[in-house]
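Notes follow once the structure below has been shown.
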Amino acid sequence: MKVQEESAATALSLPLAFPIGLPGFETYHSFHLVGLGPAYGPYLGLRCAIDEGPTFVVVQPSEIGITLELEIDDFHQALLGIKDASEVLVMLIATLREEKAFPTVNTQAPLVINVTNWKVAQVSQSNAEYRLDQEAEVAFYDAERAIAALR
Numbered sequence: 432m433k434v435q436e437e438s439a440a441t442a443l444s445l446p447l448a449f450p451i452g453l454p455g456f457e458t459y460h461s462f463h464l465v466g467l468g469p470a471y472g473p474y475l476g477l478r479c480a481i482d483e484g485p486t487f488v489v490v491q492p493s494e495i496g497i498t499l500e501l502e503i504d505d506f507h508q509a510l511l512g513i514k515d516a517s518e519v520l521v522m523l524i525a526t527l528r529e530e531k532a533f534p535t536v537n538t539q540a541p542l543v544i545n546v547t548n549w550k551v552a553q554v555s556q557s558n559a560e561y562r563l564d565q566e567a568e569v570a571f572y573d574a575e576r577a578i579a580a581l582r
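For the sequence shown, this note's numbering begins at 432 and goes up steadily by one.
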């Protein structure tokens, strides 16, 4: 199944289920997608439901100027219960570096979310153009965005 990533609204807090966890974090299955506030623009938090679990920063590709066309294999379609491309929301995990205002994002292994049941999996892509560390075109934190939101 091919999926063309499209823009979609984000919620303030959404519970997400990772049936097989994330690579390196396989024992964590329950997360919440949460807003970080206006200064963080399109970036969201992906927080583990367990207090000492991992937290990630994620972003929708279209919000930072990235267009993806994903291949979702039969295994992941069945795992997530995906029946149609319209059920799919794509998010990228961002990596923050203190010395840089712009994070990098992992386009090689995006998060695929089924919006009908909120199941998620990280799905590796074979497209050679997709990278583990693609620079985003939108800064992670920008005080001007927070000021604009207050106006």
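Even glycine gets a Cβ: it sits at the ideal position worked out from N, Cα and C.
Are there three or more Cβ pairs, one per stretch, closer than 8 angstroms when the region 502-511 is compared with the region 470-479? no
Rounded to whole angstroms, how far is the Cβ of residue 492 from the Cβ of residue 523, which I believe are closer than 8 angstroms? 6 angstroms
Mind reading off the beta-carbon distance from residue 546 to residue 518? Whole number of angstroms is fine, and I expect it under 8 angstroms. 6 angstroms
Separation of residue 464 from residue 532, as counted between CA atoms: 22 angstroms
If you run the structure through DSSP and keep just helix, strand and coil, what is residue 518? helix
In terms of residue numbering, what span does the alpha helix (DSSP H) encompassing residue 562 cover? Per DSSP, residue 562 belongs to no alpha helix (DSSP H) and is neither H nor E.
Assign residue 503 to one of three DSSP states: helix, strand, or coil. coil
Use the C-beta contact count for residue 444: other C-beta atoms within 10 angstroms, 16 or more gives buried, fewer gives exposed. exposed
Leaving out five residues before and five after residue 462 in sequence, what residues of the same chain have Cβ atoms less than 7 angstroms from its Cβ? 447, 449, 477, 478, 479, 480
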